[in-house]
Structure formats: C-alpha cells, structure tokens
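Just so you know, this note's numbering puts 178 at position 126 of the sequence shown, and the rest follows in order with no gaps. Every residue gets a Cβ at the ideal spot worked out from N, C-alpha and C, and that includes glycine. So the structure is just underneath, and the comments pick up after that.
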Amino acid sequence: MTTPAAPAAVHLAQLNVATLRHPLDDPRIAPFVEALDPVNAAADGAPGFVWRLVGEGAGDATGLRPAGEDVIVNLSVWETQDALWDFAYRSGHLDVMRRRRDWFQRHVEAHLVLWWVPAGHVPTVAEALGRLAELRENGPSPRAFTFASSYTADEAAAHSAP
C-alpha cells in the first residue's frame with residue numbers, strides 16, 4: 053500500500069478498539085498480555101512513530117476502559133500512513149493480529165479509525181472515540197477513515213477549510 057507522504061505539518065492519528073472475549077487476567081488471554089510489552093516496544097522504536105496512549109503509571113493503555121469495561125483501546129500518532137501500515141502489517145505486530153480472534157470478539161462495525169492531526173497535537177480519548185463514532189455513523193470521510201478508504205492530509209485540510 054502506498055500513499056503520498058503527509059506534509060510535515062500533520063501526523064496520522066489512529067484509534068483501534070477491541071472487545072475482550074475474557075478478562076485480561078484469564079489464562080486464555082495470557083498470550084496477548086505477554087505480547088503487549090514487546091509489541092509496544094516495537095511500536096515505540098518503529099520508524100515514523102510519534103506517540104501512544106498509556107495509562108497513568110502503566111506501559112500500555114489496557115487499564116483504560118473509556119469505551120466499556122470489556123473494550124480495550126489503542127490510540128497512537130504516526131508521521132505518515134505508510135509508517136503506521138508498515139508497523140501494523142510488516143512487523144511482529146502482524147503475528148499478534150493474526151491471533152486476534154482468539155482474544156477479541158469479531159466487530160460488526162468499524163473498530164479502527166484514522167484521521168490527520170496537526171503535528172504536535174496529542175489526541176484525547178474523547179476526540180478519538182468521536183472520530184470512531186463519526187466513521188460508524190457516516191462512513192469514511194476526510195475526517196474519519198480507514199486504510200481501505202483513506203484520504204490524504206491535503207484532502208482532509210480541504211474538507212475542513214471554511
């Protein structure tokens with residue numbers, strides 16, 4: 053997948069939500085929990101990585117439950133869409149994703165949303181959940197999209213211009 057590089061003044065934010073099949077302390081989820089630190093360390097060191105949400109005093113965001121008690125969230129910011137794609141689909145992260153059905157329920161609606169943010173902006177969880185709701189309600193747009201239906205930063209800027 054190749055997309056034009058985003059202008060230096062913007063970064064790509066992403067939110068991914070997943071509904072757990074079992075509590076995080078359940079042995080059936082143990083392989084996922086064991087993969088968290090290595091996958092997060094890989095993300096932190098990946099080319100184009102900017103920021104990711106973590107709970108206070110934690111190494112990840114699994115303790116945060118803003119979308120429901122059984123829903124975990126992953127919120128991060130990347131320099132470009134290609135950087136996020138490469139991490140998600142061309143790294144050890146892919147091995148974990150291949151097992152997602154072992155640990156998470158199948159979503160019947162969008163569970164991943166992407167959107168462009170000004171460089172330096174750290175999106176809030178509320179902002180991210182709002183973008184996901186927008187995608188679910190209206191389908192892909194320059195404000196809330198997916199890898200399969202993406203928009204460039206220029207398209208997003210033109211869409212938000214007065």
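In the DSSP annotation of this structure, A95 is not part of any beta strand (DSSP E); the continuous alpha helix (DSSP H) holding it starts and ends at A82 to G97.
Cβ-Cβ separation between G120 and A113: approximately 14 Å, too far for a contact (criterion under 8 Å). Considering only A98, L72, E131 and E189, the residue with the shortest C-alpha distance to R158 is L72. Secondary-structure assignment with DSSP links N68 through a beta bridge to N126 and L164. Taking G182 as reference, the option from A95, V165 and H173 with the minimal CA-CA separation is V165.
Under the three-state reduction of DSSP, F139 is assigned to helix.
Assigned with DSSP and collapsed to three states, A110 falls in coil, not helix or strand.
Three or more beta-carbon pairs separated by less than 8 Å are not found between the region 87-96 and the region 193-211, which leaves the two stretches without contact. According to the DSSP assignment, V148 belongs to no beta strand (DSSP E) but to the alpha helix (DSSP H) extending over H145 to R150. Taking C-beta atoms as the reference points, R188 and E161 count as a pair closer than 9 Å. The three-state secondary structure of H159, taken from DSSP, is coil.
In this structure, L105 sits away from L88, with a CB-CB distance that is not shorter than 9 Å. Secondary structure of H211 (DSSP, three-state): helix. Assignment of A61 by DSSP, reduced to helix, strand and coil, places it in the coil class.
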